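Novice:
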Amino acid sequence: MFDIGVNLTSSRFDKDRDVVITDAKQAGLTGMLVTGTNLEESQQAAQLAAQHPAFLYATAGVHPHDAKTVTTETWPALAKLYDLPQVKAIGECGLDFNRDFSPRPTQQQVFEQQLAIACDKQMPLFMHERDAHERFIDMIKAHQGDLPPAVLHCFTGTMAELEACLDLGLYIGITGWICDERRGTHLIDAVRIIPDNRLLLETDSPYLLPRSMRPKPKSSRNMPQYLPYIAETIAHARSQTLADLVTQTQKNTVRCFGLSAS
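Residues in the sequence shown are numbered from 70 upward in steps of one, following my numbering.
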């Protein structure tokens with residue numbers, strides 16, 4: 070199985086990053102997409118992916134939290150990353166009106182720029198949305214005719230929000246949030262309506278450790294090697310076998326990000 074969302078450049082992996090990668094392989098993962106959230110982290114993600122060809126890939130872009138850091142030098146530098154073979158998506162980009170770490174007008178301007186670049190290059194989008202659903206949907210709709218493959222990663226929204234995303238043809242990334250009895254139980258029902266060809270798997274590690282894991286890991290750090298547990302939870306919710314879910318989501322990952330089927 071393939072983990073489409075790993076924050077492997079996080080400082081929480083600095084001491085054992087190579088071990089984490091090895092453990093992911095031993096857990097059965099066939100690949101991971103390393104998330105870039107600003108220019109510096111996107112460069113780091115691309116460099117890391119280059120060191121592990123055919124297993125690690127990268128995204129490059131600007132997260133809404135980091136939208137305020139964009140300068141005139143950001144876009145030309147990102148453009149160089151988009152030409153690298155290991156960089157497979159533009160992002161993590163989108164809107165976050167929950168924390169507002171960047172002003173909302175700035176978030177929208179930076180997201181719009183990345184939408185336009187993705188449509189122009191026909192390069193996949195790796196997107197984020199929190200408490201900004203209506204504006205997020207409206208901005209995507211404006212590009213609907215030219216939209217490349219696009220995934221809303223770490224989906225945690227309502228059934229109505231999910232249906233709106235599916236109506237736009239988006240892929241949906243599901244994390245260990247579905248394993249959280251405090252705030253994720255609604256996803257048990259939501260994942261049932263995601264078409265087989267739109268579902269993607271991710272950990273979003275080191276965040277969102279699956280709370281229902283038993284025995285419970287000693288560390289709160291989530292890791293890619295826990296993806297099989299998330300996959301089992303999703304498969305059970307969808308009344309699918311784990312094998313069928315893994316096969317289908319692998320095909321979806323290849324199709325969405327233009328990876329080699331091998």
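Just so you know, even glycine gets a beta-carbon here, dropped at the ideal spot from N, CA and C.
A quick note: this is a predicted structure, and the numbers were derived from the prediction, not measured.
#1: What do you get for Val-220, buried or exposed, if any count of 16 or more other CB atoms within 10 angstroms of its CB means buried?
#2: If contacts are defined as beta-carbon pairs under 8 angstroms, then Pro-217 and Cys-248 qualify, I think. What distance do you get, rounded to the angstrom?
#3: According to DSSP, simplified to helix, strand and coil, what is Gly-332?
#4: Of all the alpha helix (DSSP H) runs that stay within the bounds of the region 291-318, which reach a length of 4 or more residues?
#5: Would you give the residue range spanned by the alpha helix (DSSP H) that Glu-230 belongs to?
#6: I'd like the list of long-range same chain contacts for Ala-93, defined as Cβ closer than 6 angstroms, with 5 residues on each side in sequence excluded.
#7: Can you give the Cα-Cα distance for Pro-275 and Leu-296, rounded to whole angstroms?
#8: Look at the Cβ atom of Leu-278, then the Cβ atom of Ser-289, and state whether they are nearer than 8 angstroms.
#9: What number of angstroms, rounded off, separates the C-alpha of Asn-321 from the C-alpha of Pro-174?
#10: Do the region 303-310 and the region 163-177 meet, that is, are 3 or more Cβ pairs less than 8 angstroms apart?
#11: Rounded to whole angstroms, what's the CA-CA distance from Ala-136 to Phe-180? Just pull it up for me.
#12: Exposed or buried, which one is Lys-84 when buried takes at least 16 other CB atoms within 10 Å?
#13: Is it true that the CB of Ile-299 sits closer than 8 angstroms to the CB of Thr-272?
#14: What does the alpha-carbon distance come out to for the pair Thr-244 and Gly-253?
#15: If you check the beta carbons only, do Cys-162 and Gln-191 fall under 8 angstroms apart?
#16: Would you identify the three-state DSSP class for Val-323, choosing helix, strand or coil?
#17: If you compare alpha carbons, which of Asp-72, Phe-205, Leu-117 and Gly-214 is closest to Glu-230?
#18: Enumerate, from N- to C-terminal direction, the unbroken beta strand (DSSP E) stretches of 3 or more residues contained entirely within the region 145-205.
#19: Quick one, are the C-beta atoms of Thr-318 and Leu-269 less than 8 angstroms apart?
Specialist: The short version:
#1: Of the other Cβ atoms in all chains shown, 16 or more fall within 10 Å of the Cβ of Val-220; this residue is therefore buried.
#2: Wrong, their Cβ atoms sit about 31 angstroms apart, outside the cutoff.
#3: The requested residue 332 is not part of the displayed model; the chain covers only 70 to 331.
#4: 296-306
#5: 228-236
#6: Pro-293 and Gln-294
#7: 12 angstroms
#8: yes
#9: Going by C-alpha positions, Asn-321 is about 33 angstroms away from Pro-174.
#10: no
#11: Taking C-alpha positions only, Ala-136 is separated from Phe-180 by approximately 8 angstroms.
#12: exposed
#13: yes
#14: Their Cα atoms are separated by approximately 10 angstroms.
#15: no
#16: helix
#17: Phe-205
#18: You should have 156-165 and 194-199.
#19: yes
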